[in-house]
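Encoded as structure tokens, the structure appears first; notes follow it.
Number of protein chains: 2
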Amino acid sequence: MAEAREPAPSLAEEIAARLRDQVTGGALVPGQRLSEARVAAELDISRNTLREVFRLLTREGILRHEPNRGVFVAVPSMASILDIYRVRRLIEVPALAQAWPGHAAVARMRSAVARATELQRIPDWRGVGSANMEFHAAIVALTDSPRLIQFFTQIIAELRLAFGLLDSPELLHRPYIPRNAEILGRLEAGDPAGASRMLEDYLNQSERAVLEAFARLG
Amino acid sequence: MAEAREPAPSLAEEIAARLRDQVTGGALVPGQRLSEARVAAELDISRNTLREVFRLLTREGILRHEPNRGVFVAVPSMASILDIYRVRRLIEVPALAQAWPGHAAVARMRSAVARATELQRIPDWRGVGSANMEFHAAIVALTDSPRLIQFFTQIIAELRLAFGLLDSPELLHRPYIPRNAEILGRLEAGDPAGASRMLEDYLNQSERAVLEAFARLG
DNA sequence: ATGAACATGTTGTTCAACAATTTTGTTATG
DNA sequence: CATAACAAAATTGTTGAACAACATGTTCAT
Chain L
1 MAEAREPAPS LAEEIAARLR DQVTGGALVP GQRLSEARVA AELDISRNTL REVFRLLTRE
61 GILRHEPNRG VFVAVPSMAS ILDIYRVRRL IEVPALAQAW PGHAAVARMR SAVARATELQ
121 RIPDWRGVGS ANMEFHAAIV ALTDSPRLIQ FFTQIIAELR LAFGLLDSPE LLHRPYIPRN
181 AEILGRLEAG DPAGASRMLE DYLNQSERAV LEAFARLG
Chain D
1 MAEAREPAPS LAEEIAARLR DQVTGGALVP GQRLSEARVA AELDISRNTL REVFRLLTRE
61 GILRHEPNRG VFVAVPSMAS ILDIYRVRRL IEVPALAQAW PGHAAVARMR SAVARATELQ
121 RIPDWRGVGS ANMEFHAAIV ALTDSPRLIQ FFTQIIAELR LAFGLLDSPE LLHRPYIPRN
181 AEILGRLEAG DPAGASRMLE DYLNQSERAV LEAFARLG
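Line by line, the protein sequences are chains L and D. Those letters in the first sequence? Residues 1 to 218, by UniProt numbering. Those letters in the second sequence? Residues 1 to 218, by UniProt numbering.
Here you go:
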């Protein structure tokens with residue numbers, strides 16, 4: 001059951017990464033149809049290879065595949081956001097609560113906070129968002145569970161898709177930099193339980209903000 | 001973000017289901033290499049379609065893909081079993097604890113218990129195992145979370161792969177039929193918290209049994 | 001207008017071929 | 001005899017074209 005290792009990125013995976021960025025970056029609008037022929041021509045790959053790419057991204061939840069009709073950029077819904085935050089609470093909160101402050105992933109958390117702090121001065125709010133996500137991915141990495149880590153990676157990709165749809169990146173990301181720093185500090189001080197409680201507050205507040213921003217769209 | 005719907009099963013998905021059964025059923029040995037040409041000929045599909053099948057099953061965790069080397073049936077390890085049970089505890093226990101006893105999935109749990117009871121008289125221990133898994137899938141369905149449900153489906157596929165490797169199906173499945181019934185009864189009696197505690201015991205004991213059976217192999 | 005028949009474009013699947021890579025087999029060398 | 005270097009064979013990676021199956025849009029008859 002494939003525990004690790006990943007030596008050579010294939011063409012399909014490279015293209016998948018590129019398409020993923022285009023989607024989460026907003027270059028491709030949610031709901032948009034992706035014609036196999038057109039996209040294959042644009043990316044200069046064959047239709048067959050593109051289909052493999054589509055399968056990958058569909059499993060990740062950022063593309064939607066309707067049989068005999070084609071693939072579309074997934075459309076975030078209120079329900080999906082609620083579900084995503086529910087999963088986040090379920091996974092992140094216990095992950096942090098049972099963390100050992102000396103774990104290697106703590107360094108990842110630290111550098112994520114540092115990067116977010118840097119980027120907010122440019123300001124590059126999309127970059128701040130990425131750094132914040134990296135912070136939370138690091139929290140899940142505290143569990144050393146390959147399955148949780150992989151699952152959470154998907155969840156984050158979906159959430160970034162939703163973020164791309166909203167239009168107040170500063171409001172969505174800025175307030176959480178100091179909170180992340182605070183959580184990290186509490187963990188490093190040897191109080192994972194307290195850090196975990198703070199994380200739960202964080203998630204509830206962030207969820208509310210995202211839902212409000214989402215509601216402003218219609 | 002693809003919340004539901006699945007109207008037409010494509011050829012690739014049908015074949016995937018067939019291969020999945022062959023793997024979890026033990027017809028294909030863990031570690032075995034699956035030659036694209038040979039398998040495509042056996043299943044009477046083209047190599048391209050088979051590749052899509054492989055991608056599907058690789059994402060599910062029951063096949064392993066090594067670039068430029070081919071795909072292999074995944075080999076369950078001690079570490080993977082530990083990880084799987086950890087994920088199960090994390091998801092199933094809270095799912096049951098917060099359950100509403102009138103939820104539709106409770107009926108699924110009930111019929112799963114009934115089916116397991118039926119099959120143990122034949123006896124069909126592989127069938128009993130499937131029914132037990134269905135019971136736990138139903139528990140996760142109590143959450144109404146599409147993402148958790150899909151994730152858990154993968155986890156179960158992996159676990160069944162591990163079960164197929166072991167050789168004492170009666171020992172692995174029989175003791176848990178009455179426990180499932182008991183958990184269900186507690187839930188129907190309006191005590192999800194109590195049911196959840198029993199489930200936690202269940203999982204710990206089951207994990208121990210599986211690990212012991214696994215250790216007997218070497 | 002309503003609905004049936006048709007026209008069109010897209011996806012689903014197959015086939016055949018070639019490039020890139022790994023594995024295997026052979027030979028040469030210490 | 002062991003091993004390193006190299007050649008040959010087999011396998012995967014990727015492509016392009018073709019056709020069938022399906023979905024949608026249009027035309028036509030009523």
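Glycine is no exception: its CB is placed at the ideal position from the N, C-alpha and C atoms.
Asked: Residue-level contact to chain L via CB, D:V87, 9 Å cutoff; Found: yes
Asked: 9 Å Cβ cutoff, L:F214 in contact with chain D; Found: no
Asked: D:G129, enclosing alpha helix (DSSP H) - first and last residue; Found: 125 to 141
Asked: For L:G129 and L:F163, believed in contact at Cβ under 8 Å, the rounded distance; Found: 6 Å
Asked: Beta-carbon contacts of D:W125 that lie in its chain and below 6 Å, excluding the five residues immediately before and after; Found: P169, E170, H173
Asked: Chain L within 9 Å of D:M1, Cβ atoms only; Found: Reliability of the predicted coordinates at D:M1 is poor, the pLDDT of 43 falling under 50, and the value obtained from them is presented with this limitation in mind. Cβ-Cβ to chain L under 9 Å: yes for D:M1.
Asked: Chain L contact residues for D:P146, given Cβ-Cβ distances below 7 Å; Found: D83
Asked: Status (buried if at least 16 other CB within 10 Å, exposed otherwise) for L:D83; Found: buried
Asked: Neighbouring residues, chain L, relative to D:L28 (Cβ below 7 Å); Found: Simply none; closest approach about 14 Å.
Asked: Contact list for the region 34 to 55 of chain D against chain L, Cβ threshold 9 Å; Found: N48, R51, E52, R55
Asked: D:A193 to L:H136 span [Cα, whole Å]; Found: 29 Å
Asked: Which of helix, strand or coil DSSP assigns to D:L63; Found: strand
Asked: C-beta neighbour in chain L for D:P175, strict 9 Å; Found: no
Asked: For D:G70, the residue or residues it bridges with in DSSP; Found: D:E66
Asked: C-alpha gap between D:M133 and D:R55, whole angstroms; Found: 24 Å
Asked: Integer Cβ distance of L:V140 from L:A74, believed to fall under 8 Å; Found: Going by Cβ atoms, the distance from L:V140 to L:A74 rounds to 22 Å, so no, they are not a contact pair.
Asked: Residues near L:R160 in its chain [Cβ-Cβ closer than 6 Å; skip 5 each side]; Found: T24
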